[in-house]
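Chemist: The structure under discussion is supplied below as structure tokens; questions concerning it will follow.
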């Protein structure tokens, strides 16, 4: 029989549809992994084409030119120029679309991704995430910052060159407010941080854990919304990503690269999104909220039921997905484990 | 400059990204509309293959055989056999996956859809939606019912034969709870139903209205989450779809068919989902909630930003989408207008 599981952070129910169940290995793509050239003359993010990108905000230099560049998005979702205004008229609520929209070009190589990059380079990328995260909040118009990565067409990107993005919005999304509310109720009820407790439960139970080190734990959530939906939780209680330390970043890079390399090998370079869910720096001291990373491979579709209910149907048991990913070998074991 | 607009029902902000703006007509698919045969021997929903579907729950007879059939889903998300049990252990919440999963086969013809069907047949389909909606709530294990339609692969269906679905769940989705909460706060603040007031505002302003008759209004919401996202609102205050009258169903069929025919002609038979959002029959008397239909063409992708924030980026002005749809001619003007 199928079962419904509750995500305590989002309060979303997930149907684990065992009637439709697939084995984790069934998701391995039959087709060969994408093969891309190391350099593409027509790619605006490849070295030599730096003039094709808008204003550069940051550059990390390597031995033979830049290693990572942060530039304005050419087609920004929000404008970095202009005043923040609010309008309330009848039933309309309007805020001017000001904010930040960064593109983080992760490598000069056209054909790499964090699954394949050296651990050192993933660490540099995450350090830049943190720095840009802090910078974005220095803009007084900004109320919330999302860092995310779209990998492949099904994950919503048309640009092949490896890149992440940062969008800083002039409002707080209700999705974030709802998570905070759930965490606050849990704190009032128990005196503990919900995410700290979830991580402890997962470590104790063990069946959904993929990677466990000093500072982080990678696991498939009990109520994973789709096959291989994975969370990377810091073990130290911390509400804001802005407070991550250099040592933690090194460990986080190991977790992120290991997970993405296992997905690359285990299900054939799937399209995926990842995001960093975090409170703003001002709220970094709060006891009830906890930042984390969420990785969602885009290997199934959502349809009218998900749209109508907000519930998901997951055709793969979280415990089996975790077992499968634990067993996947990664060609080059990341150093610094 | 882009702008952010608030959906007062869901409290979600939408970025209307004018920098990326597209004209509504740009979404017209270049490719020819799908061409399917009227009958397919291998299709389990085509006449002659009735034995390939699980138990039949209802059949509407026509002159030459059935017109509409309701059958159990062959791969149900939820099982209709078994006891409803709840488990609470540590941080895990589990409910057994019992409920209802109907398939409503809308026509014996393999190659039709509500955009092309006769108005009378769309009306029959909606009558059956209402009857099955009421039936599903007679099951004491059921707490919430979603009726939805997935049209095309991008909308999550692989079966071409025209069909809708009904899923009855043993829990109430948080998405529904959140809408009720917003509507309740609005009622406490104003003494009115939020959806009644939204419909009145839309009718007064007029720029986003597509179709206006005695019982319903079709419009693009002020904070539409994607191009051509459309709502069909009953004008009479009513919390539950279960209370829709025969006369209203006739008018709703006209609105639904007109909208889908305009999308079919105007943007080239797009993939889409629609859902009916409604309270349960028991709550049909409540003053603050209001049932409605939501139609979402699947012509853009969501990515990491939407996943991380719950906010959407809409590249097309709602007012321009409405203007465009108003101007689209439909080959055969539905009768009964």
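Protein chains in written order, with my numbering: chain A, 1 to 337; chain B, 338 to 674. A virtual CB, placed ideally from N, CA and C, is assigned to each residue, including glycine.
Just the C-alpha distance for residue 637 (chain B) and residue 493 (chain B), rounded to the nearest angstrom, thanks.
Modeler: The straight-line gap from Cα to Cα measures roughly 14 angstroms.
Chemist: Could you tell me the distance, in whole angstroms, from the CA atom of residue 47 (chain A) to the CA atom of residue 108 (chain A)?
Modeler: About 6 angstroms.
Chemist: Do residue 655 (chain B) and residue 560 (chain B) have their C-beta atoms closer together than 9 angstroms?
Modeler: Yes, the Cβ-Cβ distance between residue 655 (chain B) and residue 560 (chain B) is below 9 angstroms.
Chemist: Nearest CA to the CA of residue 500 (chain B): which residue from B:360, B:344, B:407, B:665?
Modeler: Considering only alpha carbons, the answer is B:407.
Chemist: Out of B:533, B:363, B:632, B:473, which one is the CA nearest neighbour of residue 576 (chain B)?
Modeler: The residue with the shortest Cα to Cα distance from residue 576 (chain B) is B:533.
Chemist: Any idea what DSSP makes of residue 516 (chain B), helix, strand or coil?
Modeler: In this structure, residue 516 (chain B) counts as helix in the three-state DSSP scheme.
Chemist: Three or more beta-carbon pairs under 8 angstroms between the stretch 117-130 of chain A and the stretch 181-201 of chain A, yes or no?
Modeler: With a cut-off of 8 angstroms, the stretch 181-201 of chain A and the stretch 117-130 of chain A do not count as touching, because too few Cβ pairs lie within range.
Chemist: Would you call the stretch 588-605 of chain B in contact with the stretch 626-636 of chain B, where contact means no fewer than 3 C-beta pairs closer than 8 angstroms?
Modeler: Yes, the stretch 588-605 of chain B is in contact with the stretch 626-636 of chain B.
Chemist: List, in chain order, every chain B residue whose beta-carbon is nearer than 8 angstroms to that of residue 8 (chain A).
Modeler: By Cβ distance, chain B contributes 428, 430.
Chemist: Enumerate in chain order the residues of its own chain whose CB-to-CB distance from residue 659 (chain B) is below 8 angstroms, with the five nearest sequence positions on each side excluded.
Modeler: Only 544, 545, 546, 547, 556, 557 meet the Cβ criterion.
Chemist: Is residue 335 (chain A) close to chain B, meaning its C-beta is less than 9 angstroms from at least one C-beta of that chain?
Modeler: For residue 335 (chain A), the predicted model reports a pLDDT of 45, less than 50, meaning its position is unreliable and no value from the coordinates is stated.
Chemist: Can you round the beta-carbon distance between residue 229 (chain A) and residue 193 (chain A) to whole angstroms, since I take them to be within the 8 angstroms contact cut?
Modeler: Rounded, the Cβ-Cβ distance is 21 angstroms, inconsistent with contact.
Chemist: Determine the contact status of residue 440 (chain B) and residue 475 (chain B), defining contact as a CB-CB distance below 9 angstroms.
Modeler: Their beta carbons are not under 9 angstroms apart, which means residue 440 (chain B) does not touch residue 475 (chain B) by this criterion.
Chemist: Indicate whether at least one CB of chain B lies closer than 9 angstroms to the CB of residue 18 (chain A).
Modeler: True, the Cβ-Cβ gap to chain B drops below 9 angstroms.
Chemist: I'd like to check one pair, residue 362 (chain B) with residue 603 (chain B): are the Cβ atoms closer than 9 angstroms?
Modeler: Yes, these two residues count as a Cβ contact at 9 angstroms.
Chemist: Measure the C-alpha to C-alpha separation of residue 122 (chain A) and residue 148 (chain A) and round it to an integer number of angstroms.
Modeler: Their backbone Cα atoms lie some 14 angstroms apart in a straight line.
Chemist: Thinking C-alpha only, which one of A:329, A:144, A:315 is nearest residue 23 (chain A)?
Modeler: For residue 23 (chain A), the nearest C-alpha among the options comes from A:315.
Chemist: Identify, in the order they occur along the chain, each residue of the same chain with its Cβ nearer than 8 angstroms to the Cβ of residue 352 (chain A), setting aside the five sequence neighbours on each side.
Modeler: Past the boundaries of the shown model lies residue 352 (chain A); chain A is included only from 1 to 337, so the question cannot be answered.
Chemist: Using alpha carbons as the reference points, say which of A:277, A:10, A:106, A:6 lies closest to residue 232 (chain A).
Modeler: The candidate whose alpha carbon is nearest that of residue 232 (chain A) is A:277.
Chemist: Sort out for me which residues DSSP pairs residue 168 (chain A) with in a bridge.
Modeler: Looking at the DSSP assignment, residue 168 (chain A) forms a beta bridge with A:100, A:145.
Chemist: DSSP puts residue 231 (chain A) in a beta bridge; with which residues?
Modeler: Bridge partners of residue 231 (chain A): A:219, A:294.
Chemist: With a cut-off of 9 angstroms, does the C-beta of residue 680 (chain B) fall near any C-beta of chain A?
Modeler: Because chain B here runs from 338 to 674, residue 680 (chain B) falls outside it and cannot be looked at.
Chemist: Counting C-beta neighbours from all protein chains within 10 Å, is the total for residue 87 (chain A) 16 or more, i.e. buried, or is it exposed?
Modeler: With fewer than 16 Cβ atoms within 10 Å of its Cβ, residue 87 (chain A) is classed as exposed.
Chemist: Please report how far the alpha carbon of residue 470 (chain B) lies from the alpha carbon of residue 8 (chain A), in whole angstroms.
Modeler: Residue 470 (chain B) and residue 8 (chain A): Cα-Cα distance of roughly 29 angstroms.
Chemist: Which ranges would you report for the alpha helix (DSSP H) in the stretch 246-333 of chain A if only whole runs of at least 4 residues count?
Modeler: Listed in chain order, they are 246-267, 304-309, 318-327.
Chemist: Does residue 81 (chain A) pass the burial test, meaning 16 or more other C-beta atoms within 10 Å, or should it be called exposed?
Modeler: Counting Cβ neighbours within 10 Å, residue 81 (chain A) comes out exposed, since fewer than 16 surround it.
Chemist: Expressed to the nearest angstrom, what Euclidean distance is found between the alpha-carbon atoms of residue 11 (chain A) and residue 182 (chain A)?
Modeler: In a straight line, the C-alpha of residue 11 (chain A) is about 8 angstroms away from that of residue 182 (chain A).
Chemist: Please list, in chain order, the residues of the stretch 590-615 of chain B that have any C-beta partner in chain A closer than 8 angstroms.
Modeler: The stretch 590-615 of chain B vs chain A, Cβ under 8 angstroms: 610, 611, 612, 613, 614.
Chemist: Hey, is residue 144 (chain A)'s beta-carbon within less than 9 angstroms of any beta-carbon in chain B?
Modeler: Cβ-Cβ to chain B under 9 angstroms: yes for residue 144 (chain A).
Chemist: Chain A partners of residue 639 (chain B), CB-CB under 7 angstroms?
Modeler: Near residue 639 (chain B) (Cβ distances below 7 angstroms), the residues of chain A are 156.
Chemist: Can you tell me where the alpha helix (DSSP H) holding residue 401 (chain B) begins and where it ends?
Modeler: Element bounds for residue 401 (chain B): n/a, residue is neither H nor E.
Chemist: Within 9 angstroms (strictly less), CB to CB, does residue 466 (chain B) reach chain A?
Modeler: So no, residue 466 (chain B) is outside the interface.
Chemist: List the residues of chain A whose Cβ lies closer than 7 angstroms to the Cβ of residue 350 (chain B), in chain order.
Modeler: Under the 7 angstroms cutoff, chain A gives 171, 173.
Chemist: So what's residue 338 (chain B) in DSSP terms, helix, strand or just coil?
Modeler: If DSSP states are grouped into helix, strand and coil, residue 338 (chain B) belongs with coil.
Chemist: Quick one: residues in its chain with C-beta nearer than 7 angstroms to the C-beta of residue 517 (chain B), no 5 flanking neighbours on either side, listed in chain order?
Modeler: Closer than 7 angstroms at the Cβ level, and outside the excluded window around residue 517 (chain B), lie 626.
Chemist: What separation, rounded to the nearest whole angstrom, lies between the Cα atoms of residue 204 (chain A) and residue 589 (chain B)?
Modeler: Cα to Cα, the separation comes out at about 54 angstroms.
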